[in-house]
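Engineer: Before I ask anything, here is the structure I am working with.
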(Lines of atoms letter the chains of each structure in order from A; the text may use other names.)
(Lines give C-alpha, C1' and ligand atoms only; values in the text may rest on other atoms or scores of the structure.)
Protein backbone atom coordinates (compact mmCIF):
# COMPACT_ATOMS: atom_id res chain seq x y z
CA UNK A 1 0.00 0.00 0.00
CA UNK A 2 1.45 3.32 -1.06
CA UNK A 3 1.63 6.05 1.58
CA UNK A 4 1.27 8.77 -1.06
CA UNK A 5 -0.99 8.86 -4.08
CA UNK A 6 -0.28 10.01 -7.61
CA UNK A 7 -2.84 12.78 -7.06
CA UNK A 8 -0.89 14.03 -4.04
CA UNK A 9 2.33 14.03 -6.07
CA UNK A 10 0.60 16.03 -8.81
CA UNK A 11 -0.75 18.44 -6.20
CA UNK A 12 2.70 19.00 -4.68
CA UNK A 13 4.21 19.44 -8.15
CA UNK A 14 1.54 22.01 -8.93
CA UNK A 15 2.26 23.89 -5.69
CA UNK A 16 5.94 23.91 -6.64
CA UNK A 17 5.03 25.09 -10.14
CA UNK A 18 6.61 21.98 -11.67
CA UNK A 19 5.37 20.41 -14.87
CA UNK A 20 5.56 16.63 -14.54
CA UNK A 21 4.70 13.86 -16.96
CA UNK A 22 2.67 10.78 -15.96
CA UNK A 23 5.90 8.77 -16.06
CA UNK A 24 7.53 11.21 -13.63
CA UNK A 25 4.46 11.13 -11.38
CA UNK A 26 4.75 7.34 -11.09
CA UNK A 27 8.49 7.56 -10.46
CA UNK A 28 8.11 10.30 -7.82
CA UNK A 29 5.24 8.42 -6.16
CA UNK A 30 7.49 5.39 -5.68
CA UNK A 31 10.45 7.48 -4.53
CA UNK A 32 8.38 9.51 -2.05
CA UNK A 33 6.79 6.33 -0.73
CA UNK A 34 10.27 4.97 0.04
CA UNK A 35 11.25 8.24 1.74
CA UNK A 36 8.09 8.23 3.87
CA UNK A 37 8.66 4.58 4.73
CA UNK A 38 12.20 5.36 5.88
CA UNK A 39 10.99 8.32 7.95
CA UNK A 40 8.40 6.07 9.61
CA UNK A 41 11.22 3.77 10.75
CA UNK A 42 12.58 6.68 12.78
CA UNK A 43 9.34 6.65 14.83
CA UNK A 44 10.35 3.22 16.13
CA UNK A 45 13.47 4.59 17.83
CA UNK A 46 13.44 5.17 21.57
CA UNK A 47 14.16 8.89 21.97
CA UNK A 48 12.91 9.17 25.55
CA UNK A 49 16.28 10.31 26.99
CA UNK A 50 17.48 12.26 23.95
CA UNK A 51 17.52 16.02 24.37
CA UNK A 52 16.06 18.05 21.51
CA UNK A 53 18.72 19.77 19.42
CA UNK A 54 18.67 22.47 16.80
CA UNK A 55 21.94 21.29 15.26
CA UNK A 56 23.78 17.99 15.34
CA UNK A 57 27.08 19.69 16.18
CA UNK A 58 27.67 21.77 19.28
CA UNK A 59 28.11 25.07 17.47
CA UNK A 60 28.45 28.53 18.86
CA UNK A 61 28.44 31.86 17.08
CA UNK A 62 31.24 31.36 14.58
CA UNK A 63 31.09 34.80 13.03
CA UNK A 64 34.00 37.15 13.30
CA UNK A 65 33.87 40.16 15.57
CA UNK A 66 32.33 43.17 13.85
CA UNK A 67 35.22 45.63 13.71
CA UNK A 68 34.93 48.82 11.66
CA UNK A 69 37.63 49.25 9.02
CA UNK A 70 38.42 52.07 6.67
CA UNK A 71 36.60 51.71 3.34
CA UNK A 72 37.75 52.49 -0.18
CA UNK A 73 38.66 56.06 -1.05
CA UNK A 74 35.72 57.94 -2.58
CA UNK A 75 37.63 58.66 -5.79
CA UNK A 76 38.27 54.96 -6.35
CA UNK A 77 34.59 54.10 -5.81
CA UNK A 78 33.37 56.87 -8.09
CA UNK A 79 35.81 55.74 -10.77
CA UNK A 80 33.70 52.57 -11.15
CA UNK A 81 30.30 54.31 -11.07
CA UNK A 82 28.62 54.84 -14.45
CA UNK A 83 27.49 58.33 -13.36
CA UNK A 84 28.42 60.53 -10.41
CA UNK A 85 27.82 64.08 -9.32
CA UNK A 86 29.15 66.11 -6.35
CA UNK A 87 30.93 63.10 -4.86
CA UNK A 88 27.77 60.92 -5.00
CA UNK A 89 26.83 58.01 -7.25
CA UNK A 90 23.99 59.13 -9.49
CA UNK A 91 21.20 56.60 -10.11
CA UNK A 92 17.95 56.83 -12.06
CA UNK A 93 15.01 58.21 -10.09
CA UNK A 94 12.44 55.61 -9.07
CA UNK A 95 9.95 57.98 -7.44
CA UNK A 96 7.79 60.18 -9.63
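In full-length UniProt numbering, the protein residues as written are 1 to 96. Every residue gets a Cβ at the ideal spot worked out from N, C-alpha and C, and that includes glycine. Quick caveat, the model's predicted, so the values are computed rather than measured.
(1) Quick one: Cα of residue 14 to Cα of residue 37, how far?
(2) Does the distance from the C-beta atom of residue 32 to that of residue 4 stay below 8 angstroms?
(3) Could you say which of 79, 93 and 94 lies nearest to residue 87 if we only look at CA atoms?
(4) Look at the alpha carbon of residue 40 and the alpha carbon of residue 60, and state the distance between them as a whole number of angstroms.
(5) Would you mind reading off the limits of the alpha helix (DSSP H) that contains residue 58?
(6) On the DSSP bridge list, what partners appear for residue 85?
(7) For residue 53, does the count of other Cβ atoms within 10 angstroms reach 16, so buried, or fall short, so exposed?
(8) Alpha carbon to alpha carbon, how far is residue 75 from residue 66?
Structural biologist: This is what the structure holds:
(1) 23 angstroms
(2) yes
(3) 79
(4) 32 angstroms
(5) Segment: none, residue 58 is in no alpha helix (DSSP H) and carries neither H nor E.
(6) 88
(7) exposed
(8) 26 angstroms
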